[in-house]
Amino acid sequence: MDRDKYRTKQRSLTINRVWSTLFPNLSRPVFLIGAACSGTTFLGDCLAEVPELSYHFEPIATKAAARCVYEGLWSHTKAKFFYRTVYAWLMRLHADGDLRFVEKTPRNCCIIPFLNEAFPDAQFIHIIRDGRDAALSLSKKPWLAKRAATSGKYEPGGYPYGPYAQFWVEPERRDEFETTSDIHRCIWAWHRFTEEAITATRNLPSEKLLEVRYESFGSDPVGEADKIMDFLGIKDENSRRSFEAAVSTFNASLTEQWKQQLNEQQLAEIYDESGELLRQLHYL
Numbered sequence: 006m007d008r009d010k011y012r013t014k015q016r017s018l019t020i021n022r023v024w025s026t027l028f029p030n031l032s033r034p035v036f037l038i039g040a041a042c043s044g045t046t047f048l049g050d051c052l053a054e055v056p057e058l059s060y061h062f063e064p065i066a067t068k069a070a071a072r073c074v075y076e077g078l079w080s081h082t083k084a085k086f087f088y089r090t091v092y093a094w095l096m097r098l099h100a101d102g103d104l105r106f107v108e109k110t111p112r113n114c115c116i117i118p119f120l121n122e123a124f125p126d127a128q129f130i131h132i133i134r135d136g137r138d139a140a141l142s143l144s145k146k147p148w149l150a151k152r153a154a155t156s157g158k159y160e161p162g163g164y165p166y167g168p169y170a171q172f173w174v175e176p177e178r179r180d181e182f183e184t185t186s187d188i189h190r191c192i193w194a195w196h197r198f199t200e201e202a203i204t205a206t207r208n209l210p211s212e213k214l215l216e217v218r219y220e221s222f223g224s225d226p227v228g229e230a231d232k233i234m235d236f237l238g239i240k241d242e243n244s245r246r247s248f249e250a251a252v253s254t255f256n257a258s259l260t261e262q263w264k265q266q267l268n269e270q271q272l273a274e275i276y277d278e279s280g281e282l283l284r285q286l287h288y289l
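In my numbering, the protein residues as written are 6 to 289.
Here it is in structure tokens:
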């Protein structure tokens with residue numbers, strides 16, 4: 006299910022590890038949330054280096070199920086059972102049931118209230134990136150691109166590649182979404198996911214939510230690494246050093262690429278859709 010993406014840890018097979026394979030640990034799970042191309046993959050890969058954590062990259066089953074949760078097609082009881090079953094199965098698959106579960110799926114931005122109810126002791130790390138860079142990066146992918154409309158390919162969550170409205174698009178704007186430019190669709194996606202996450206986490210206490218900025222990994226990697234490890238309560242020095250080393254590989258050249266690669270027309274579309282949110286986040 007996520008075998009090709011999972012970072013297997015080399016460790017001995019203990020009695021506790023065997024026991025936890027039968028009864029995986031789903032207490033205090035960590036959900037890494039953020040819009041597509043906002044740094045969730047980078048931060049997830051860094052967290053995968055921490056020995057105490059079992060990190061899972063966009064589990065296909067729950068990625069596809071997000072639509073059912075968001076649209077209310079499943080009852081809370083059914084959805085909770087499904088998510089807990091899938092997460093437990095993933096822990097068993099890798100015999101890492103004694104570790105702490107971590108996963109990242111951008112669509113989770115849209116179902117945070119459900120996740121917080123289904124996992125009351127969960128922690129959320131929300132990574133935010135300048136929407137101009139996120140939209141630029143996403144526009145280079147085929148997922149929402151007009152050029153991919155006839156590719157016949159599907160992303161793991163079940164949607165065909167191309168300019169097609171997904172569940173998170175406002176119903177009254179579906180036609181607009183499918184006929185606008187690629188860069189507009191991409192800033193739209195950034196806006197919807199970022200706004201959903203901010204709104205849903207607004208009242209969470211500080212021990213449950215940590216907001217980080219993508220750009221800060223370039224300006225202060227050590228400080229950001231310490232902040233995240235402190236938030237997760239990880240005190241082991243070797244674990245913290247491993248995480249810090251991973252964070253320090255951040256490629257700062259990926260910031261502010263929009264200045265060289267977006268033209269005036271594209272920027273006008275971005276500011277028309279998301280100028281206010283960019284200002285609220287102090288990117289303007």
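Don't be surprised by glycine CBs; every beta carbon is placed ideally from N, CA and C.
This one's a predicted model, so the numbers in the text were calculated from it and none came from an experiment.
- Counting only runs of 3+ residues, the beta strand (DSSP E) found wholly inside the region 55-130 occupies 58-62, 105-109, in chain order.
- DSSP lists Ile132 as the bridge partner or partners of valine 217.
- Between the C-alpha atoms of alanine 84 and glutamine 270 there is a straight-line separation of about 43 Å.
- Residues of the same chain with a CB within less than 6 Å of the CB of arginine 134, apart from the 5 flanking positions on each side, are Ser43, Gly44, Tyr219 in chain order.
- Considering only Glu261, Leu31, Leu209, Pro29, the residue with the shortest C-alpha distance to histidine 131 is Leu209.
- Contact check for tryptophan 193 against glutamate 281 fails: the beta carbons are separated by 8 Å or more.
- Contact between alanine 93 and leucine 31 holds, since their C-beta atoms are separated by about 6 Å, short of 8 Å.
- Per DSSP, reduced to three states, the secondary structure at isoleucine 38 is strand.
- CA-CA distance, tyrosine 159 to glycine 136, rounds to 25 Å.
- For valine 35, the CB contacts under 6 Å within the same chain, skipping 5 residues up- and downstream, are Val107, Gln128 in chain order.
- Per DSSP, threonine 155 lies in no alpha helix (DSSP H) segment and is marked neither H nor E.
- Separation of glycine 223 and tyrosine 288 (C-alpha to C-alpha, rounded to the nearest whole angstrom) is 16 Å.
- The residue among Ala273, Glu274, Arg97 with its C-alpha nearest the C-alpha of threonine 26 is Arg97.
- Bounds of the alpha helix (DSSP H) holding valine 252 are 242-252.
- A check of alpha carbon separations from proline 226 across Thr185, Gln266, Val252 identifies Val252 as the nearest.
- With a threshold of 16 other beta carbon atoms within 10 Å, serine 59 meets it and is buried.
- By the Cβ test, the region 71-89 is in contact with the region 104-121, since at least three Cβ pairs between them sit closer than 8 Å.
- If you compare the alpha carbons of Leu237, Glu76, Leu37 with that of proline 64, the shortest gap goes to Leu37.
- Threonine 185 and lysine 68 have their C-alpha atoms roughly 26 Å apart.
- Cβ-Cβ distances below 6 Å link tyrosine 164 to Gln171 in the same chain, with the five nearest sequence neighbours on each side left out; the list follows chain order.
- Judged by their CB atoms, isoleucine 188 and glutamate 274 are nearer to each other than the 8 Å cut-off.
- For arginine 33 against arginine 105, the beta-carbon gap comes to about 6 Å, under 8 Å, which counts as contact.
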